[in-house]
Amino acid sequence: RLGREVIDAAHRAVKPGVTTDEIDRVVHEVTVAGGGYPSPLNYYNFPKSCCTSVNEIICHGIPDKRPLEEGDIVNVDISVYRDGMHADLNETFVVGDNDKVSDEAKQIVLAAYQCLFKAISLVKPGVRFRDFGDAIQSVANRKGLGVTRTYCGHGIGELFHCAPNIPHYAKNKAIGAAKVGHVFTIEPMINGKSWRDVMWPDGWTASTEDGRLSAQFEHTILVTEDGYELLTGRTPESPPLWWEKSKEEGGLGLFGDLEGVMNLL
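So this is what it looks like as structure tokens:
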């Protein structure tokens, strides 16, 4: 549960005027205070303790001194190592009051969440890894959005990244099927239109090719005999995502209501 504690702390830090460097500091301190180590730090020379991907950045954004602005969206990707095991999760947050965030931004964040849970709903022994991409793509296509193909979900445990690979797009050729005891991530990256990405010169930051917004959610999932367990699931203490806030706050009043969120499809 350390990963959940860390990402919730990062979420609480997301405000207009706060830099992504400050979010990285929070992530590092909460991880270490919880007896863990931030898995991204020095991973293939990655220089920070988390990834912060703002607006058109798809993934692997490097925290820096740019202050967040009201109306931005920011994905915070957390990975922690404790007691010989890794956990990996990410969420996309709106910055500032809901009424200052564009409908386009709010809807792509919601769509990324729906894409993830459409795939998670399939998890059980015997499901083919390639089937998750079909489920994700069906939601994205309905909303006119693109699904990034360069990056995929992955096995996780004693190793940070390992088999199986979990592509997020339709008609992929992933090999294998889920078995009881498998632990892996599903983490679709949903773009405003095109699925294609552009790599920045830093060798890490991936952005949309057309400058449109991108959003992502991720969980680490354990396959059980009768389905799955979310190892990084949200708790009643987790800060609300934009649609979980009350209607008076510009939300939809759907706190903890996954069925209600999926009924919006």
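Mapping of the sequence shown onto my numbering: residues 657 to 921, in sequence order.
From the three backbone atoms N, C-alpha and C, an ideal C-beta is built for every residue, glycine too.
These figures come from a predicted structure and were not determined experimentally.
Check: Proximity winner among 900, 814 and 847, relative to residue 803 (alpha-carbon distances); Outcome: 847
Check: Presumed contact (8 Å Cβ cut-off) between residue 664 and residue 706, rounded CB distance; Outcome: In fact, because the Cβ distance is near 13 Å, the residues do not count as touching under 8 Å.
Check: Nearest neighbour of residue 883, chosen from 776, 759, 718 and 842 [CA to CA]; Outcome: 776
Check: Alpha carbon of residue 841 to alpha carbon of residue 712, nearest angstrom; Outcome: 22 Å
Check: Cβ-Cβ distance between residue 744 and residue 661 below 8 Å; Outcome: no
Check: Given 8 Å, three or more beta-carbon pairs between the region 776-785 and the region 894-910; Outcome: no
Check: One or two residues paired with residue 873 in a DSSP bridge; Outcome: Bridge partners of residue 873: none, in fact.
Check: C-beta atoms of residue 898 and residue 762 nearer than 8 Å; Outcome: yes
Check: Residue 737 - containing beta strand (DSSP E), residue span; Outcome: 729-738
Check: Three-state class that DSSP yields for residue 766 in the structure shown; Outcome: helix
Check: Of the listed residues 683, 766, 895 and 691, nearest to residue 697 (C-alpha basis); Outcome: 683
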